[in-house]
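Read the structure below first, then the notes.
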Amino acid sequence: MKEYGAAGPGAGAPGPPRKRGPDVNKLIPIVFILSLVTYLASSYVTLHLVPRLGNAEKDVQQEGIILTSLFGFFTLQLLYCYYLCIFTDPGGIPDTALWGHFYENKGDEVRKVVFETKKDGELRHCKWCTKYKPDRAHHCRVLGRCVLRMDHHCPWVYNTIGYGNHKYFYLLLFNSSAVLWLIALTFWETVRDYLEDDTVNDQGLKVFVALYAESLAVFVAGIVTSFFLFHTFLVCKNMTTIEFCEKHNQRSDRPDVDTGASELFSGQYSNKRERGGGASLPEDPGLLADKGHKFDIGVYNNLCATLGNNPLLWFVPFVPPPGDGVAYQVPGWYVEAVGRL
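Numbering (my numbering), first residue to last: 27 to 367.
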């Protein structure tokens with residue numbers, strides 16, 4: 027496997043500050059998430075953990091200590107990852123002459139550091155940002171600029187998920203799933219006791235709060251876990267959501283639209299031009315697609331590409347993502363296919 031694309035001044039520089047207007051409506055999803063976390067946490071702590079911590083039986087008290095420790099750990103991780111997803115810049119194209127799309131810059135240097143092109147073999151560029159696009163970069167209409175290794179725009183964090191915050195988003199899903207299933211699997215004991223105890227008839231509010239919190243935890247856990255498993259699949263394949271959609275649509279006949287967020291379905295392979303003096307790409311892009319994703323460098327290396335090079339720190343949100351967001355490793359078969367050995 028070889029890595030290309032680290033050349034050029036300013037590679038991996040952070041994107042410009044995000045300009046966000048005072049659109050209160052876009053803050054509603056965040057308020058909803060924080061309200062949901064507050065309700066579930068307060069219900070679980072008040073009705074399940076506190077009674078166990080104050081129980082006279084040592085075994086029950088010890089169970090309460092263990093559950094409180096686990097709940098506190100995953101909840102703090104969840105909140106911190108949520109904060110990072112919201113306020114961490116996903117990464118922008120470096121503001122350097124190398125990536126500038128203008129008359130004097132024909133992109134000769136860019137051709138040496140990118141693999142992805144439009145269907146006609148021309149370099150990808152953004153007409154709004156007036157820049158050439160590094161591999162895996164796409165224009166986000168919500169942020170109003172291109173994002174490195176763009177995955178998707180997530181209204182639940184009021185931010186776009188890209189190179190800079192993809193790890194934190196994945197850890198957010200992991201910790202959310204852990205907290206929700208912890209509540210769902212352990213809170214049921216308290217809910218069952220409430221439902222079977224005839225002496226709690228005068229505590230209807232507690233019964234309602236506990237039953238509703240348990241039902242909500244199970245329902246949301248199913249949804250969040252589904253997203254977590256899907257993104258685990260993507261991380262193991264070193265694939266973004268956009269690339270996943272592209273892979274499932276690249277055989278269909280469609281116009282070549284390569285500007286804006288609509289480039290979700292744009293072509294990536296050139297069957298007309300030779301790159302770097304090597305062999306041209308196959309006439310049928312599917313010949314490459316059948317061999318796998320062009321950034322798939324093996325499960326372990328794929329995990330390292332998103333979570334970091336040290337497996338002991340994969341689930342630690344304090345460690346930033348590896349690389350510069352501009353250059354990406356590709357497998358040897360893809361290098362041979364495009365004739366760049």
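Idealized CB from N, CA, C, for every residue including glycine.
Please read all numbers here as calculations on a predicted model, not as lab measurements.
Got a sec, what are the start and stop residues for the alpha helix (DSSP H) residue 171 sits in?
The residue given as residue 171 occupies position 145 in the sequence shown. That residue, residue 171, is in no alpha helix (DSSP H); its beta strand (DSSP E) goes 171-173.
Would you check if the region 89-99 and the region 123-130 touch, i.e. whether three or more CB-CB distances between them fall below 8 Å?
Using a C-beta cut-off of 8 Å, the region 123-130 makes no contact with the region 89-99, since fewer than three inter-stretch Cβ pairs fall below that distance.
Entirely within the region 243-277 and at least 4 residues each: give me those alpha helix (DSSP H) ranges in chain order.
The alpha helix (DSSP H) runs of length 4 or more contained entirely in the region 243-277 are, from start to end of the chain, 267-273.
Is it true that the CB of residue 178 sits closer than 8 Å to the CB of residue 263?
Residue 263 sits at position 237 when you count from the first residue of the sequence shown. Residue 178 sits at position 152 when you count from the first residue of the sequence shown. No. Outside cutoff.
Segment contact, 8 Å Cβ cut-off, at least three pairs: the region 54-72 with the region 94-108
Taking 8 Å as the limit for Cβ pairs, the verdict is that the region 94-108 does touch the region 54-72.
Taking the runs of the beta strand (DSSP E) that are 3 residues or longer, which of them lie wholly in the region 113-196?
With a minimum length of 3 residues, the continuous beta strand (DSSP E) runs that stay inside the region 113-196 are 164-166, 171-173, 178-180 and 185-187.
With a Cβ-Cβ cutoff of 8 Å, do residue 210 and residue 233 count as a contact?
Working through the sequence shown from its first residue, we reach residue 210 at position 184. Working through the sequence shown from its first residue, we reach residue 233 at position 207. No. Outside cutoff.
Give every residue of the same chain whose Cβ lies closer than 7 Å to the Cβ of residue 110, excluding the five residues on either side of it in the sequence, and list them in chain order.
Within the sequence shown, the letter at position 84 stands for residue 110. 191, 194 and 343.
Under the three-state reduction of DSSP, which class applies to residue 342: helix, strand or coil?
Locating residue 342 in the sequence shown gives position 316, where the first residue counts as 1. Annotated three-state conformation of residue 342 is coil, per DSSP.
Residue 261 and residue 206 closer than 8 Å at C-beta:
Residue mapping note: residue 261 aligns to position 235 of the sequence shown, counting from 1. Residue mapping note: residue 206 aligns to position 180 of the sequence shown, counting from 1. In terms of Cβ geometry, residue 261 and residue 206 do not form a close pair [threshold 8 Å].
Taking a contact to mean a Cβ-Cβ separation below 8 Å, would you say residue 151 touches residue 145 in this structure?
By 1-based counting over the sequence shown, the position of residue 151 is 125. By 1-based counting over the sequence shown, the position of residue 145 is 119. Result no, Cβ atoms of residue 151 and residue 145 do not sit closer than 8 Å.
Of the listed residues 332, 349 and 328, nearest to residue 357 (C-alpha basis):
Within the sequence shown, residue 357 is the residue found at index 331, counting from 1. The residue from 332, 349 and 328 with its alpha-carbon nearest to that of residue 357 is 328.
For residue 351, tell me which candidate among 175, 148 and 58 has the shortest Cα-Cα distance.
Residue numbering aside, residue 351 sits at position 325 when the sequence shown is read from its first letter. Comparing Cα positions, the closest option is 175.
CA-CA distance, residue 187 and residue 239?
For the purposes of this step, residue 187 is taken as the residue at position 161 of the sequence shown. For the purposes of this step, residue 239 is taken as the residue at position 213 of the sequence shown. Going by the C-alpha atoms only, they are around 29 Å apart.
Between the beta-carbon of residue 112 and the beta-carbon of residue 185, is there less than 8 Å?
Mapped onto the sequence shown, residue 112 falls at position 86. Mapped onto the sequence shown, residue 185 falls at position 159. Yes, the Cβ-Cβ distance between residue 112 and residue 185 is below 8 Å.
For residue 334 versus residue 325, is the C-beta spacing smaller than 8 Å?
Stepping through the sequence shown from its first residue, residue 334 is reached at position 308. Stepping through the sequence shown from its first residue, residue 325 is reached at position 299. No, these two residues do not count as a Cβ contact at 8 Å.
So residue 356 is in the beta strand (DSSP E); what residue range does that whole segment cover?
Residue numbering aside, residue 356 sits at position 330 when the sequence shown is read from its first letter. Annotation: the continuous beta strand (DSSP E) that includes residue 356 extends over 354-356.
Taking residue 76 as the reference, which of 189, 53, 213 and 138 has the closest Cα?
As a working note, residue 76 is residue 50 in the sequence shown. The candidate whose alpha carbon is nearest that of residue 76 is 213.
Measuring straight from C-alpha to C-alpha, what distance separates residue 354 and residue 332?
Locating residue 354 in the sequence shown gives position 328, counting from the first residue. Locating residue 332 in the sequence shown gives position 306, counting from the first residue. Distance between the alpha carbons of residue 354 and residue 332: 11 Å.
Can you tell me the Cβ-Cβ gap for residue 220 and residue 204, rounded? I've got them flagged as a contact below 8 Å.
The sequence position of residue 220 within the sequence shown is 194, counting from 1. The sequence position of residue 204 within the sequence shown is 178, counting from 1. That pair is no contact at about 25 Å.
Out of curiosity, what's the CA-to-CA distance linking residue 349 and residue 116?
Here the question's residue 349 lines up with position 323 in the sequence shown. Here the question's residue 116 lines up with position 90 in the sequence shown. The alpha-carbon separation between residue 349 and residue 116 amounts to approximately 13 Å.
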